[in-house]
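Beneath this line is the structure, given in structure tokens, with notes to follow.
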Amino acid sequence: MTKRFSATTALDCVDISFYPGEIHAILGENGAGKSTLVGILSGNIAPDEGTLTEGDRVLEFRDPRDARRHGIDIVQQHFMLVPAFTVADNLALASLKTTPFLNAKASAQEARVIAESLGWQVNLDSVTADLSVGTMQRVEIIKALAGGGRVVLFDEPTATLSPDEVEDLFRVMRKLREEGRAIALITHKLDEALAVADRVTVLRKGKVVVTAPAQGISPSQLAQWMVGELPSDLKKTAVPKGNKVATISGLTVFGDRGEKLVDDVAFEISEGEIVGFGGVAGNGQVPLAEALAGFRDYAGQREIIGNVAYIPEDRQRDGLALSMSISDNLLIEGHRKRSLSFFGLFIPQRVRAWCEAIVAKYAVQTTSIDAPASSLSGGNQQKLVVGRTLDGDPKFIVAVNPTRGLDVRAENYVHKQLLDAKAKGAAIALFSTDLDELAALADRVFYMNSGKLTSDLLGEIR
Amino acid sequence: MKAFWLLVPVGLILILAITIVAFGMPFGESMQLLFEGSLADKFGMHRTLLKATPLIMVALGTIVAWRAGMFNIGGEGQLIFGVCCGGAAAALGASLPAVVQTPTILIVCAVGGAAYAGIAGWLYAARGVNVVISTILLNFVAIHLLSYLVRGPLQASGGAIPQSEPLEKSVRFAILDGQTALHAGILIVPIAATAVWLWLSMTRSGFKLRLVGKNPFAARAARLPVAKIQVVSLMVSGALCGLAGGIEYLGSNGILFDDFSPGWGFLGIPVALLAGLSPLGAIASGLFFGALFAGSKNLEAFGDAGSALVFAMQGAAVLAFVALSRLAVSQKEAEA
């Protein structure tokens, strides 16, 4: 399979097979191509090249119904349930995917049989919104199995489950394997893949790195396949020197469902030091960064001396108001500057002068500071965000993937700005999924895994 | 985009013409009557100013909330609740000197409107209740509260009519023209519009409000208290609507009764929309609709259709405006 989205190749000549009676884990970081693969298998995305075959038969899916008719069922990462419906209603709704007629009785009966075979008690009359996350997933699984699917795809199924629920899910997956179904597990969690899978395929940047039997693979080997060769100049955690700027201990951030996104982390960052935070995306980096920057609730200790600056990962969502002018976007940080206003009233000449100075200093390519931020290219948008952030000579800088989506020139530019800030004595927490970036900038590197910090990517991930 | 704004008045006249023809009224005669009732002489012009006053005040309130992304549809309720508070203040402080009473009543009306909007704000911030829904529903509560007050606690003594004690002449706004009953309350409008314009475009807190409206995520990442800014914008919006009620109370009406507001709190919203949520544009837009309301009195000769004309026209104009401005924006994006 090959699938391109404009300039990027999401999947590049990927070969994957699924066999009856086998659990096949597909591992990869964010952006490795997992979602595209799921999209193709579920009939939502048409591949540019390549074919999907079952035995000798070539399958062509025009829409998700086709996929379901051919026995491919998906347990979605995000639950596709109507919260206000009862469980029975949701199951009846799902059955409409294959027939145009509603038969609530038949779908309920089928659901009962499936639930019983898996050893579950599910009350079909419960309102879905009242169920626990684990039970909701059970409903999702029953929904997927109700079509009698021969291939069942689990897309990141454990994201919101408790350890007990994960164990039960594995039990069910094994049971489905024994029934002779082909099971696919899409995940970025190494330990889960190794715990349940018979075979693993690792994707990286749209290509298959390896397909191998799960038995005998070590977690560190798997991690290495996922992230690629480590740059040789990555620094190990060393003892910080100089005055402490940030002192963090026992810091925990909770998610919407009360789960721990960041789990009891502790570290210190000194002035003139860049500390890198690497690891597979989605392991608590963004919640930790937001807590460090000071706009997300947390438990534990966070002591920071001096002013804090934040460079968000998603500049269009968190960094800019695209329809507002460039000068207004600079004021997102600049409005705090005492020199620009008099008793809360902006002094227009000073605001203009300051905005034009930033645009000039950070080489933002634009005709006017009155143009909307949407008129800027991605690199110039980032220069705007970085420029306004660093202009205040912050003592502590939190940056999350600050070069995401930038070309090499813009990337070098942002790196130089961060190194300059460091030279001026700023303490920098640099979150990046790009190991080369961490190697180039960080004095020492931590890795995040399931919300915890480790100092060694390959050795300590389990 | 500049050309688009020049087309607005032309489009409004066109829509007015189409509405008149669609209503089956004689076109030339209707236009003449509208003109005579609104702009032809001093009487018409003063009537226009008096009608435009509450429209513009409510429009300013709408602008403040909507610019912060809080879609306040409760101007009517905030206006009426403000006036209820003002009426209560007038009853309690009837013995005070007039120079104290007038500003007190006006301020109480504004504070009442702010507090009433604050209920919707609290429901939103603490409970996640949709502001559109809560503000709409609170309108009805306020309308019935007024209806109760003029039959109970605030009813004029000895009267069988459901209305409050009239305000003393000395307490009400000075009359600028005895023939037309033009009062000094209209002077508050340009002051308020200028203040809102200055606030939104030139101050730090106005900037924060606009940022929250344009992108609350960016505001959060800039460590601004998003929910607080939203609630404050809603309360200021309510204060301006309450002020609109206070001006009517101290100016044209002087008394509380069931139909104190013929729907100013609703009619001001399209005025704000047609002004593109610009405070100074709201003056132009409010004067235009003020003139139509003033002139439409003359059209009642044609039966009920005459008085309904302006409402139908206003609705058609807003729909056309919203559709066209969307088109203009998407075209601009396509060019970019």
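So the sequences go chain by chain: U and D. Each residue of the first sequence is one higher than the one before, counting from 0 in numbering that gives the first Met the number 0. Each residue of the second sequence is one higher than the one before, counting from 0 in numbering that gives the first Met the number 0. All C-beta atoms, glycine included, are put in the ideal place defined by N, C-alpha and C. This one's a predicted model, so the numbers in the text were calculated from it and none came from an experiment.
Query	Result
With burial defined as no fewer than 16 other Cβ atoms inside 10 Å of the residue's Cβ, what is the status of U:Glu115: buried or exposed?	exposed
Check whether the Cβ of D:Phe26 lies closer than 7 angstroms to any heavy atom of the ligand PLP, and answer yes or no.	As for the ligand PLP, it is missing from this structure, which has no ligand bound.
Against chain D, does U:Ser338 count as a neighbour if the rule is that its beta carbon must be under 8 angstroms from one of theirs?	no
Report back the beta-carbon spacing between U:Phe17 and U:Gly42 to the nearest angstrom; my notes put them in contact at under 8 angstroms.	Between U:Gly42 and U:Phe17 the Cβ distance is about 16 angstroms, and since that is not below 8 angstroms, they are no contact.
Closest to U:Arg316 by CA distance: which of U:Gln220, U:Phe430, U:Gln380 is it?	U:Gln380
Quick one, are the C-beta atoms of D:Gly74 and D:Thr61 less than 8 angstroms apart?	yes
Could you tell me which residues DSSP puts in a beta bridge with U:Thr85?	U:Val126
Listed in chain order, which residues of the region 388-404 of chain U have Cβ atoms closer than 9 angstroms to some Cβ of chain D?	none
Measure the C-alpha to C-alpha separation of U:Val279 and U:Val226 and round it to an integer number of angstroms.	8 angstroms
If you count every other CB in all the chains shown that lies within 10 Å of the CB of D:Ser129, and 16 or more means buried, which is it?	Per the sequence shown, the amino acid found at residue 129 of chain D is Asn instead of Ser. Exposed.
In terms of residue numbering, what span does the alpha helix (DSSP H) encompassing D:Gln154 cover?	First-last for D:Gln154: undefined, no H or E at that position.
Can D:Phe301 and D:Leu54 be called in contact, C-beta distance under 8 angstroms?	no
Could you give the distance in angstroms between the alpha-carbon of U:Glu312 and the alpha-carbon of U:Asn400?	5 angstroms
Identify the residues that DSSP records as bridge partners of D:His182: which are they?	D:Ile174
Mind checking who U:Lys104 pairs with in its DSSP beta bridge?	Answer is none; U:Lys104 lacks a bridge partner.
Does the region 147-160 of chain D touch the region 73-93 of chain D, meaning 3 or more C-beta pairs lie closer than 8 angstroms?	yes
Are there 16 or more other CB atoms within 10 angstroms of the CB of D:Lys41, so buried, or fewer, so exposed?	exposed
Between which two residues does the beta strand (DSSP E) containing U:Gln300 stretch?	298-303
Here's the rule: buried if 16 or more other CB atoms are within 10 angstroms of the residue's CB, otherwise exposed. What is U:His23?	buried
Expressed to the nearest angstrom, what Euclidean distance is found between the alpha-carbon atoms of U:Pro393 and D:Lys227?	26 angstroms
Mind checking whether U:Ile385 and U:Ile310 have CB atoms under 8 angstroms apart?	A small fix is needed here, since residue 385 of chain U is Val in this sequence, not Ile. Contact flag set, yes.
Tell me D:Gln162's beta-bridge partners as DSSP assigns them.	D:Phe256
Please determine, among U:Tyr446, U:Ala426, U:Ile368, the residue with the shortest C-alpha to C-alpha distance to U:Gln348.	U:Ile368
Label U:Gly450 either buried or exposed according to how many other C-beta atoms from any shown protein chain fall within 10 Å of its C-beta, with 16 as the threshold for buried.	buried
Does any CB atom of chain D fall closer than 8 angstroms to the CB of U:Leu329?	no
Verify the CB distance criterion: does U:Gly386 have a CB-CB separation below 8 angstroms to chain D?	no
Skipping 5 residues on each side, what residues in its chain have a beta carbon closer than 8 angstroms to that of D:Leu105?	Gly85, Leu242, Gly245, Ile246, Leu249
Spell out the partners DSSP gives U:Met225 in its beta bridges.	Partner(s): none; U:Met225 has no beta bridge.
Whole beta strand (DSSP E) runs in the region 9-87 of chain U with 3 or more residues, listed along the chain?	21-26, 51-53, 56-58, 71-74
Any idea if U:Lys423 is buried or exposed, counting beta-carbon neighbours within 10 angstroms, 16 or more meaning buried?	exposed
Where in the region 340-409 of chain U do unbroken runs of the alpha helix (DSSP H), each at least 4 residues long, occur, reported from the N-terminal end onward?	347-360, 377-389
Tell me which same chain residues have a C-beta within less than 8 angstroms of the C-beta of D:Phe239, skipping the five on either side of it?	One detail in the question is off: residue 239 of chain D reads as Leu in this sequence, not Phe. Within the same chain, D:Leu239 has close Cβ partners Met56, Val57, Leu59, Gly60, Val63, Ala109, Gly112, Ala191, Val195.
When burial is assigned at 16 or more other CB atoms within 10 Å of the CB, is D:Cys83 buried or exposed?	buried
Going along the region 251-270 of chain U in order, which residues come within less than 8 angstroms of chain D, judged by CB to CB distance?	none
So, helix, strand or coil for D:Thr101, using DSSP?	helix
Of all the CB atoms in chain D, is at least one closer than 8 angstroms to the CB of U:Ala425?	no
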